[in-house]
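Here's the structure, in C-alpha cells; my notes come after.
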C-alpha cells in the first residue's frame with residue numbers, strides 16, 4: 004500500500020511524508036494513494052476534506068462521473084484493457100477505477116491498484132516536466148484523464164483487428180469458433196460502450212468549465228479530451244454495426260448452407276421416388292391369375308425394368324440440371 008505526496012512549483016519538486024505539511028506548503032500538492040488501507044484513506048480524506056462516500060465510490064465498481072463539492076471537484080474515470088479472462092482464454096475487457104480530487108492548489112488521486120495512467124504523469128512530475136510544474140492541479144488531472152482515454156483507443160484498435168479476423172472467418176464459411184469469437188467481440192464492445200458514454204458525460208462537464216476548480220486556461224485541454232471521447236463513441240458504434248453485420252452474414256451463410264443441404268436431399272429423394280415406386284410395384288410378384296404381371300414370365304423382364312429405372316434417373320438428372328437445381 005502506498006500514499007505519496009509531492010509539492011511542485013516551476014522551480015522544482017519536493018517530496019513530503021507529512022500530509023498536513025504538504026497541503027500547507029507553497030505550490031501545487033499532489034497526493035497519490037493506491038492500494039491503500041482504510042486508515043490511510045481516511046487520513047487522506049480528513050486532511051483534504053474529501054467526503055467518505057467519494058472514497059467509497061473509488062473502491063466500488065460504479066459508472067464514471069464528475070461531482071462538484073465546496074472545496075474540490077471529484078472526477079471518477081475507469082482505465083480499460085483487454086486481458087485474458089479467468090475462466091476463458093478470450094481477452095475480456097478489464098477496468099480499474101481511479102478517482103481524482105481537484106482542489107484549488109492540490110490534487111489527490113486514489114485507485115485500488117497501481118495504474119499506468121497515474122504512474123506516467125507522476126513520473127513526469129518527478130522528472131520536472133515544465134508544463135505540468137507551471138500549470139495547476141487541474142492540468143495534472145487532465146494529463147491522467149488523457150492517458151486513460153488513450154488506453155481506450157488501444158482497446159478499440161485491438162477490437163478492430165478481431166473484427167477483421169472474424170469477417171475473414173465468416174467469409175471462409177460458418178464455424179462454431181467464428182460464432183464464439185463474434186459473440187465475445189460484441190460483448191466486449193457493449194462493455195466499452197458502458198464505459199465510454201458516462202466518461203464522455205463527465206468530460207463534458209469539465210470541458211464546459213462548470214466546476215470552479217477548473218481554470219479557464221485548462222478548459223481547452225478538457226475539450227480536447229471530450230472530442231476524443233466523442234470520436235471513441237462513434238468508433239464503438241461503428242464497430243458494433245460491423246459486428247452486427249458480420250453476425251448477419253454468418254447467419255445468412257449458415258442458412259444458405261442449410262438450404263444447399265436441403266436442396267441436395269430433396270433432389271436425392273426425388274430421384275429415388277419413381278425408382279421406389281417401380282420396385283414396389285414389381286415387388287408384389289402377383290402371378291397365376293387373370294391380373295398377374297405379364298413381365299414375370301418374360302425372359303428380358305428384369306433387364307427391361309432396370310433399364311427403365313436407369314432411363315428415368317437420367318431424365319430426371321438432365322431436367323434438374325436444366326433447371327439449375329444441380
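Residue numbers (this note's numbering): 4 to 329.
From the three backbone atoms N, C-alpha and C, an ideal C-beta is built for every residue, glycine too.
All figures in this text were calculated on a predicted structure; none of them were measured in a lab.
Residue i: first and last residue of the uninterrupted beta strand (DSSP E) it sits in
i	result
residue 112	109–114
residue 17	15–19
residue 11	5–12
residue 36	31–37
Presumed contact (8 Å Cβ cut-off) between residue i and residue j, rounded CB distance
i	j	result
residue 146	residue 135	7 Å
residue 47	residue 23	Rounded, the Cβ-Cβ distance is 11 Å, inconsistent with contact.
residue 73	residue 106	Incorrect: roughly 11 Å between the Cβ atoms, too far for contact.
residue 82	residue 39	The pair is not a contact, with the Cβ atoms about 18 Å apart (cut-off 8 Å).
residue 104	residue 148	That belief does not hold up - the Cβ atoms of residue 104 and residue 148 are roughly 13 Å apart, past 8 Å.
residue 112	residue 35	5 Å
residue 79	residue 58	Not really, about 11 Å apart at Cβ, beyond 8 Å.
DSSP three-state assignment for residue i, whether helix, strand or coil
i	result
residue 200	helix
residue 104	strand
residue 84	strand
residue 72	coil
residue 91	The predicted position of residue 91 is uncertain, since its pLDDT is 48 and thus under 50; no value can be drawn from it.
residue 99	strand
residue 77	strand
residue 191	helix
residue 248	helix
residue 65	coil
residue 176	coil
residue 55	helix
residue 303	coil
residue 286	coil
residue 146	helix
residue 243	helix
residue 226	helix
Start-to-end residues for the alpha helix (DSSP H) that takes in residue i
i	result
residue 125	119–130
residue 133	133–137
residue 216	Taken as a continuous stretch (DSSP letters only), residue 216 belongs to no alpha helix (DSSP H), as it is neither H nor E.
residue 27	22–27
residue 49	41–51
residue 327	First-last for residue 327: undefined, no H or E at that position.
Sequence-distant residues of the same chain with beta carbon closer than 7 Å to residue i, five excluded per side
i	result
residue 264	none
residue 327	none
residue 313	none
residue 90	For residue 90, the pLDDT reaches just 43, beneath the cut-off of 50, and the residue's location in the model is therefore unreliable, although a value from the coordinates is still provided. There are no such residues.
residue 238	159
residue 252	173
residue 125	35
residue 123	150
residue 266	328
residue 232	152, 199, 202, 203, 206
Member of the options whose CA lies at the smallest distance from the CA of residue i
i	options	result
residue 2	232, 281, 186	Absent from the structure is residue 2, since the part of the chain shown begins at 4 and ends at 329.
residue 184	118, 109, 108, 168	168
residue 12	226, 27, 31, 267	31
residue 315	285, 283, 302, 276	276
residue 323	172, 240, 154, 273	273
residue 284	56, 308, 133	308
residue 155	194, 10, 174	194
residue 321	306, 270, 215	270
residue 281	302, 266, 310, 268	310
residue 138	221, 67, 117	221
residue 118	5, 240, 254, 259	5
8 Å Cβ shell around residue i - same chain, five flanking residues per side excluded
i	result
residue 85	94, 95, 96, 97, 158, 161, 162, 191
residue 20	8
residue 166	188, 242, 245, 246, 249
residue 236	196, 199, 200, 203
residue 92	Any reading at residue 92 needs caution, since the residue's pLDDT is 44, under 50, leaving its predicted position unreliable; the model's value is listed next. If we look at residue 92 and ignore the five residues flanking it on each side, it has no Cβ neighbours.
residue 217	76, 105, 141, 209, 225
residue 2	Outside the displayed range of the chain (4 to 329) lies residue 2, so it cannot be described from this structure.
Residues near residue i by beta carbon distance below 6 Å, same chain, minus five either side
i	result
residue 244	none
residue 229	206, 207, 210
residue 15	none
residue 319	274
residue 3	Since the first and last residues shown for the chain are 4 and 329, residue 3 lies out of range.
residue 109	32, 140
residue 114	37, 101
residue 214	71, 76
Residue i CB to nearest heavy atom of the ligand GTP below 6 Å
i	result
residue 38	The model depicted lacks the ligand GTP and carries no ligand whatsoever.
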